[in-house]
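Here the UniProt record's numbering is used: the first residue of the sequence shown is 1, the next is one more, and so on. Take a look at the structure below.
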Amino acid sequence: MAEEANEGGHDVRGDRESRVFAAMFAIGLGLCWASQEMVVLCVSRSLGTPDIPTSTYLTLRPLVVAVGLLFAMIGPRGNMFLRRGALYAVASVGLIGVFVFALFIQVPFLMLAGFSLFVVAAAIVMICWLKVLSGSSENAGRRAIVVTAAISTAGTLLWTLDGTVLVLLAAIMFSASASILIAASAQPPAADSSDAADAKPLELVPWRWAAVVGAGVLMTSFGFLQFTVYHYSHIDNTPHEFFAHALALLMLLLVLYAARDREPAIGSKLAVTAMLFAFVFMSVYRDFAWFPTVLVEAAEGMFELVICYALMDFVRRNGLSAWRVFGWNTVFTGAAQALGSGLSVVEHLFFSSDAYSVLGLLLVSLLIVTAIWLLNDKTIAGFLWGDAPVSGKNAAAGERSFDEKAAAVSEAYRLTARECEVMLLFAKGRSSSFIAESFCVSTNTVRSHIVHLYAKCDVHSRQELISLIDNWQPES
């Protein structure tokens, strides 16, 4: 981290070290993410196309779900995984798994055993990274999520290399990710990540189930379409993966930087739109699965990263255990995709020998329509910012307390009456379109008010504005 400033100015060397560490901090999650994709690819190649489900769904998904369940159960005690000794042990298990996989690639049982060790270690490292990032600044979290998508995209360019070289690169990337995590765990804010303030029970947070169910339905449809086009269309996944990852990166940049006032809602809308295009294309051009596969892969990758970013805000906002939140998210995501792939297997066995039947397409359409109804601005805001119906005297008192703090902030920063009204609705998770309808003005007018709010209050996002109001203390 940067050293203290001297009387004459900042220490140049300290600032340089701070920038280097920040850059390393941003790529940590991406290196682990990309290394896991490489190892999964190598397993799929070694087993052959007909046996890909064995590696990706019968081995990968259950193990990842098990790791997520572990962290969801232990909660704050997960901090033991951020200790230097524990991180060394996890990294060692992952590397042992990679080397066992590489040395016994011709022996399916031993190869899958090594793969299992690596999957468990990589899942632990990724959850640890999400925990560390949830304790960092909002900009650091956003940057790390985007860099993760960029590294995954660049990693697909290496997929044409020989399997042995690819495994070696995966081992190097995983080692680098674990090493940066070890360094990050010894630096603020990770050093302060005691999780002591995260003991707030999840059931006490006012959030809506509709957004959770909608995300699960969408993840299930991802699993169905991915399994169908990969395993029954016999698509070579190497050529099109770069385009899918690049499209996911483009959509992620749009969500996180071009639409800051309602990031998760825009992400879900983009994902559902891509799924609809894929569904229509598969219905019309049944023998051409390359294009819809790219759309589905891109939508799934973007949506999964947007969920991670949104949950970081959710953890900060509500003072929850990051271990529990990201543990349950891992369980939830893995189980939903496994359910989708299972539905694809059942549909294929009983109704069609083709890549996808009419019944399968109808099932996917039902899932997508359900996700559209459940994932909207209101339900997503209700999940992230507690914009849910409240009852009882305590809840009403809490509402008045927040309104009073907002009024105090408005007075302190000399906001206009309309800016104060916009600020209050915006801080409660309302979208620009909702606020525009409430005041009978255009969305551009609302966005102009929000820009003025940011400038006057010296904040850069909705979360910073919420934190300003929540932490406001009247002057003595």
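Where is the CB? At the ideal position from N, CA and C, for every residue including glycine.
By DSSP, does F160 sit in helix, in strand, or in coil? As a first step, residue 160 must be located in the sequence shown, where it is residue number 160. Per the sequence presented here, residue 160 reads as Thr, with Phe not at that position. Three-state result, T160: coil.
By Cβ distance, which residues of its chain are closer than 6 angstroms to G214, with the 5 residues on each side in sequence left out? For the purposes of this step, residue 214 is taken as residue 214 along the sequence shown, with counting starting at 1. Hits under 6 angstroms: A371, L374 and L375.
Buried/exposed call for S438, threshold 16 Cβ in 10 Å: Numbered from its first residue, the sequence shown carries residue 438 at position 438. Result: exposed.
Residue interval of the alpha helix (DSSP H) (run including D458): Looking up residue 458 in the sequence shown gives position 458. Segment: none, D458 is in no alpha helix (DSSP H) and carries neither H nor E.
What is the DSSP secondary structure of F104, reduced to helix, strand or coil? For the purposes of this step, residue 104 is taken as the residue at position 104 of the sequence shown. In the structure shown, F104 sits in coil (DSSP, three-state: anything other than H, G, I, E or B).
For the region 28-48 against the region 116-135, are there 3 or more C-beta pairs whose distance is under 8 angstroms? yes
In this structure, how does DSSP classify W373 when only helix, strand and coil are distinguished? Residue mapping note: residue 373 aligns to position 373 of the sequence shown, counting from 1. In the structure shown, W373 sits in a helix (DSSP, three-state: H, G or I).
Under 9 angstroms between C-beta atoms of A406 and I469: Start at 1 with the first residue of the sequence shown, and residue 406 comes out as number 406. Start at 1 with the first residue of the sequence shown, and residue 469 comes out as number 469. Yes, the pair counts as a contact, with Cβ atoms nearer than the cut-off.
With 16 other Cβ atoms within 10 Å as the buried cut-off, status of G319: Taking the sequence shown and counting its residues from 1, one reaches residue 319 at position 319. Under this definition G319 is an exposed residue.
With a 10 Å radius around its C-beta and 16 neighbouring C-beta atoms as the bar for buried, classify F109 as buried or exposed. Counting from 1 along the sequence shown, the entry for residue 109 is found at position 109. So F109 ends up on the exposed side.
Quick check: what's the CA-CA separation for A66 versus F118? Your numbering for residue 66 matches position 66 in the sequence shown. Your numbering for residue 118 matches position 118 in the sequence shown. Roughly 14 angstroms separates the two Cα atoms.
For L247, is the classification buried or exposed, using 16 other Cβ atoms within 10 angstroms of its Cβ as the cut-off for buried? Taking the first residue of the sequence shown as 1, we reach residue 247 at position 247. Label assigned to L247: buried.
Put G68 into one of helix, strand or coil per three-state DSSP. Your numbering for residue 68 matches position 68 in the sequence shown. Here G68 sits in helix by DSSP.
Rounded C-beta distance between D132 and L181? I'm assuming under 8 angstroms. Mapped onto the sequence shown, residue 132 falls at position 132. Mapped onto the sequence shown, residue 181 falls at position 181. According to the sequence shown, residue 132 is Val rather than Asp. Right, the Cβ-Cβ distance comes to about 7 angstroms (below 8 angstroms), so this counts as a contact.
CA-CA distance, A243 and P292? Mapped onto the sequence shown, residue 243 falls at position 243. Mapped onto the sequence shown, residue 292 falls at position 292. Checking the sequence shown, residue 243 turns out to be Phe, not Ala. Roughly 12 angstroms separates the two Cα atoms.
Beta-carbon proximity list for A176, same chain, < 6 angstroms, skipping 5 on both sides: As a position in the sequence shown, residue 176 is number 176, starting the count at 1. Same-chain partners within the cutoff: L31.
Can you tell me which of V147, T228, L169 and V284 puts its alpha carbon nearest to the alpha carbon of L252? In the sequence shown, counting from the first residue as 1, residue 252 sits at position 252. When only C-alpha atoms are compared, the closest one is V147.
Check whether S44 and F227 have beta carbons under 9 angstroms apart: For the purposes of this step, residue 44 is taken as residue 44 along the sequence shown, with counting starting at 1. For the purposes of this step, residue 227 is taken as residue 227 along the sequence shown, with counting starting at 1. Not a contact, by the Cβ cut-off of 9 angstroms.
Do three or more CB pairs link the region 266-280 to the region 363-370 at distances below 8 angstroms? yes
Simplified DSSP assignment, three categories, for V345: Along the sequence shown, one-based indexing puts residue 345 at 345. It is helical.
Could you tell me the distance, in whole angstroms, from the CA atom of R77 to the CA atom of A86? Position 77 of the sequence shown, counted from the start, is the residue given in the question as residue 77. Position 86 of the sequence shown, counted from the start, is the residue given in the question as residue 86. Whole-angstrom Cα-Cα distance: 13 angstroms.
Rounded distance between the beta-carbons of M423 and S410, thought under 8 angstroms: Here residue 410 corresponds to residue number 410 of the sequence shown, with the count starting at 1. Here residue 423 corresponds to residue number 423 of the sequence shown, with the count starting at 1. Yes, S410 and M423 are in contact; Cβ-Cβ is about 7 angstroms, under 8 angstroms.
Going by DSSP, what residue range makes up the alpha helix (DSSP H) through residue 500? Because the chain here runs from 1 to 476, residue 500 falls outside it and cannot be looked at.
So what's N444 in DSSP terms, helix, strand or just coil? Translated into the one-based positions of the sequence shown, residue 444 becomes position 444. Reduced to three states, the DSSP call for N444 is helix.
What does a CB cutoff of less than 8 angstroms around V331 pick up in its chain, not counting 5 residues either side in sequence? For the purposes of this step, residue 331 is taken as the residue at position 331 of the sequence shown. Closer than 8 angstroms at Cβ, skipping near neighbours: V65, G68, L69 and A72.
Is W472 helix, strand or coil when you go by DSSP? Residue mapping note: residue 472 aligns to position 472 of the sequence shown, counting from 1. DSSP places W472 in coil when its eight states are reduced to three.
Distance, Cα to Cα, L453 vs I266? Residue 453 sits at position 453 when you count from the first residue of the sequence shown. Residue 266 sits at position 266 when you count from the first residue of the sequence shown. Computed Cα separation, rounded: 21 angstroms.
6 angstroms CB neighbourhood of H245 in its chain, flanking five on each side removed: Within the sequence shown, the letter at position 245 stands for residue 245. If we look at H245 and ignore the five residues flanking it on each side, its Cβ neighbours are S152, T153 and T156.
Span of the alpha helix (DSSP H) around F81: Translated into the one-based positions of the sequence shown, residue 81 becomes position 81. Taken as a continuous stretch (DSSP letters only), F81 belongs to no alpha helix (DSSP H), as it is neither H nor E.
Under three-state DSSP, which class holds A144? Mapped onto the sequence shown, residue 144 falls at position 144. Correct three-state label for A144: helix.
By the three-class DSSP mapping on this structure, what secondary structure does L415 have? Within the sequence shown, the letter at position 415 stands for residue 415. In the structure shown, L415 sits in coil (DSSP, three-state: anything other than H, G, I, E or B).
Identify which residue in G135, S283 and R83 has its Cα closest to the Cα of G360. By 1-based counting over the sequence shown, the position of residue 360 is 360. When each option's Cα is compared against that of G360, the closest is S283.
Host alpha helix (DSSP H) of A298 (start-end): Mapped onto the sequence shown, residue 298 falls at position 298. W290 to N318 is the span of the alpha helix (DSSP H), which, as asked, contains A298.
Among the residues of its own chain, which have a CB less than 7 angstroms from the CB of L225, if the five just before and after it don't count? Indexing the sequence shown from 1 puts residue 225 at position 225. These residues qualify, in order along the chain: A278, V296 and V364.
Report the option in R447, H449 and A427 whose CA atom is closest to the CA atom of E464. Within the sequence shown, the letter at position 464 stands for residue 464. With distances taken between Cα atoms, E464 lies closest to A427.
Assigned secondary structure, S177 (DSSP; H/G/I helix, E/B strand, else coil): The residue you call residue 177 lines up with position 177 of the sequence shown. Here S177 sits in helix by DSSP.
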